[in-house]
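Below: one structure, written as structure tokens.
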Amino acid sequence: MTVMGARNQTEPTLFERSRPGRRSSELPVTDVPDVDVDVVLDGVELAERAPLLPEIAELDLVRHFTRMAQRNHGIDVGFYPLGSCSMKYNPRVAERVAALPGFRDAHPWAPPAAVQGTLRALWELEQWLTELTGLHAATLQPAAGAQGELVGLLMIRAYHEHRHDDRDVIIVPDSAHGTNPASATTAGFEAVTVPSGPDGLVDVGALEALVNERTAGLMLTNPNTLGLFEVEIERIAAAIHDVGGLLYYDGANFNAIAGRVRPGDMGFDVVHLNVHKTFATPHGGGGPGAGPVVVSEELTPYLPAPVIVADGEPPSGYRFDWDRPLSIGRVHGFHGNVGVLLRALSYLQRHGSDGLASMSAKAVLNANYLARRTGEALPLAYPQHPPMHEFVLCGTAVREHGVRVLDVCKRLIDLGYHPPTNYFPLIVDEALMIEPTETEAPETLDGFAAALAQAVGEAAQDPDILHDAPRSTPVRRLDEASAARRPVLRWTPETDD
Ligand SMILES: *Cc1c(COP(=O)(O)O)cnc(C)c1O
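For the sequence shown, the numbering used here begins at 538 and goes up steadily by one.
Structure representation (structure tokens):
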């Protein structure tokens, strides 16, 4: 993964490279008469000085970004088995569609009449998502999965409030993604944990004992965050619905079930989908993404406004409906991350329903194959049920050699692989969470299994190799705690004033 010249070489920031007067491009001298800015912008508050932008030549700019890109790991560089993140290959056809000038150059303020094609594409994506989830209506506004969670929970809150039903608890399994309890708290609920049983599934007896008239809902993903299918989902749904609560589906694991089973049919009332995990869009490093939310008929009045409406039968015109008195309000500056949504639509259309069913089957097949192969090095944390699209290994065995799973992960980097998700879910000691996705060939999976076996073998024979890893990267071990606690987000130039 290292690139000649990039190794062990520090890359100054663009600001550090900045030299006064240096330019990438220059505009011709203006032949329009000067005007007084204060007159034209009368009353507008202006900054006291121009923004501090780096001044740099085009060649240095290109080299900077090319070098930075070469230091990055991405799905187009190598295997990226980051559990829970569905880091899969993104077909280039989706990029082409998103880059079509009619989509790409549309202005967010454009009147609906001028962007009928974009509105139709967004409306059609909503139809796909309602069909795939078995629910009634969708919003495409949320810009990420976590925002989708918040939007879904605000709709659950609005639903109960509208019925004058005072409910303040959201139940979350102990294996849940950290965003779930965080979203519940942000939406004004108390997040209460339900434990997993010894087999890694929700302890349904404990759940039944927890629910009461304070229960606003349950947040769950199925397959759950251990990659296991909740076989008692109907009993779970009944436990929540019987006390008047609603079921929220965290759709980040949709790669396992797309085209096969539908959250709506399992009893869920709200679903957010991470289209940037399941339906194309290169992701990693934090974005961009989109987290559409799909809801049941009962929750439809609470969708964020505006809602895209299709007029005529068959639809012949598309417009925004702002007249939504029960709406929780707008949650995005415009209409969502449209480029990401267009990639999702082209991915869905390119696959069709049979293609999606085949995709999820292969995701599950690949995970089960790899779980068998890596099982030779480390055991499954919850072997009682076969995994779906991802699985969690327990790495406590390496501890007796003074090594931790973190060291194994760092060693995997030297062996050419991006490490899996680690220390998550929290209920597994020394967890390694692996999601191969459907786009990887068996040879790649074999190679990864061999690398993991090698690293685990080295733990017994020569633990210093692991403590010392990674050796092949431009930077070695990072001080992650300081990076999080004392982030340096601002560069202050040396100026005269
Ligand atoms: C990725 C993920 C999320 C959050 O999605 P973002 O788009 O990163 O905000 C939520 N839940 C689960 C299970 C996830 O894997």
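Beta carbons: idealized from backbone N, C-alpha and C, even for Gly.
What you are looking at is a predicted structure, and each value in this text was computed from that prediction instead of being measured.
Collapsed DSSP secondary structure at residue i in the structure displayed
i: Y696; result: helix
i: F928; result: strand
i: E563; result: coil
i: R1023; result: coil
i: N959; result: strand
i: V807; result: strand
i: M896; result: helix
i: M538; result: Residue placement at M538 is flagged as unreliable, the pLDDT there being 41, under the threshold of 50; a coordinate-derived value is accordingly withheld.
i: I1036; result: Residue numbering for the chain in the displayed model covers 538 to 1034; residue 1036 lies beyond these limits and cannot be assessed.
i: Y966; result: This sequence places Asp at residue 966; Tyr is not what is there. Correct three-state label for D966: coil.
i: L863; result: coil
i: A978; result: coil
i: E548; result: coil
i: V901; result: helix
i: Y906; result: helix
i: A674; result: strand
i: L619; result: strand
i: L838; result: In the sequence on display, residue 838 carries Pro and not Leu. In the structure shown, P838 sits in a helix (DSSP, three-state: H, G or I).
i: Y884; result: helix
i: R941; result: coil
i: A543; result: Because the pLDDT at A543 is just 45, under 50, the model does not fix this residue reliably, and the value given afterwards should be weighed accordingly. In this structure, A543 counts as coil in the three-state DSSP scheme.
i: A854; result: The question names Ala, yet the displayed sequence has Gly at residue 854. Here G854 sits in strand by DSSP.
i: D1034; result: Interpretation of D1034 is limited by its pLDDT of 47, a score under 50 that renders its predicted location unreliable; the figure taken from the coordinates is listed afterwards. Looking at D1034 - three-state DSSP - the assignment turns out to be coil, as it is neither helix nor strand.
i: P1000; result: helix
i: P800; result: helix
i: I950; result: helix
i: E1017; result: helix
i: V993; result: helix
i: L687; result: helix
i: L917; result: strand
Cβ-heavy atom distance, residue i to ligand 1, below 7 Å
i: H714; result: yes
i: D711; result: no
i: T722; result: no
i: G764; result: no
i: D983; result: no
i: N905; result: no
i: G994; result: no
i: G826; result: yes
i: A587; result: no
i: S621; result: yes
i: D787; result: yes
i: A681; result: yes
i: T818; result: no
i: N811; result: yes
i: T758; result: yes
Min CB distance residue i to chain B below 8 Å
i: P565; result: Reference to chain B is not applicable here, since this structure consists of a single protein chain.
Whole-Å CB distance - residue i paired with residue j, under 8 Å assumed
i: V942; j: N959; result: 5 Å
### Query
Curious, which full-length alpha helix (DSSP H) runs of at least 4 residues does the region 714–788 contain?
Listed in chain order, the alpha helix (DSSP H) elements of length 4 or more contained wholly in the region 714–788 are 716–723, 741–747 and 770–779.
**Asked** Counting pairs of beta carbons, one from the region 617–624 and one from the region 570–583, are three or more of them closer than 8 Å?
**Response** The region 617–624 and the region 570–583 do not touch, with fewer than 3 CB-CB distances between them shorter than 8 Å.
- Give, in chain order, every unbroken run of the alpha helix (DSSP H) that is at least 4 residues long and sits entirely within the region 550–600. If we require 4 residues or more, the alpha helix (DSSP H) runs fully inside the region 550–600 come out as 551–554 and 574–577.
Could you tell me which uninterrupted beta strand (DSSP E) segments, each at least 3 residues in length, are contained entirely in the region 629–670, listed from first to last along the chain?
Whole beta strand (DSSP E) segments, 3+ residues: zero.
Practice task
Take every Cβ of the region 625–645, pair it with every Cβ of the region 958–965, and state whether three or more of those distances are shorter than 8 Å.
Solution key: Fewer than three beta-carbon pairs drawn from the region 625–645 and the region 958–965 are found closer than 8 Å, and the two stretches are therefore not classed as touching.
Are the region 834–847 and the region 809–817 in contact at 8 Å, needing three or more beta carbon pairs? At 8 Å Cβ cutoff, the stretches do not touch.
task: Check whether the region 795–804 touches the region 940–955, taking contact to mean three or more Cβ pairs, one atom from each stretch, closer than 8 Å.
output: Fewer than three beta-carbon pairs drawn from the region 795–804 and the region 940–955 are found closer than 8 Å, and the two stretches are therefore not classed as touching.
Below 8 Å, how does it come out for the region 631–648 and the region 868–879: are there three or more Cβ pairs, yes or no?
Yes, the region 631–648 is in contact with the region 868–879.
Item checked: the region 703–713 in contact with the region 654–672 per 3-pair CB rule at 8 Å -> Between the region 703–713 and the region 654–672 there are fewer than three inter-stretch CB-CB distances shorter than 8 Å, so the stretches are not counted as touching.
query: Are the region 639–654 and the region 854–867 in contact at 8 Å, needing three or more beta carbon pairs?
result: Verdict: yes, contact present.
- Query: Would you call the region 985–995 and the region 898–916 in contact, with 3 or more CB pairs under 8 Å?
  - Reply: At 8 Å Cβ cutoff, the stretches touch.
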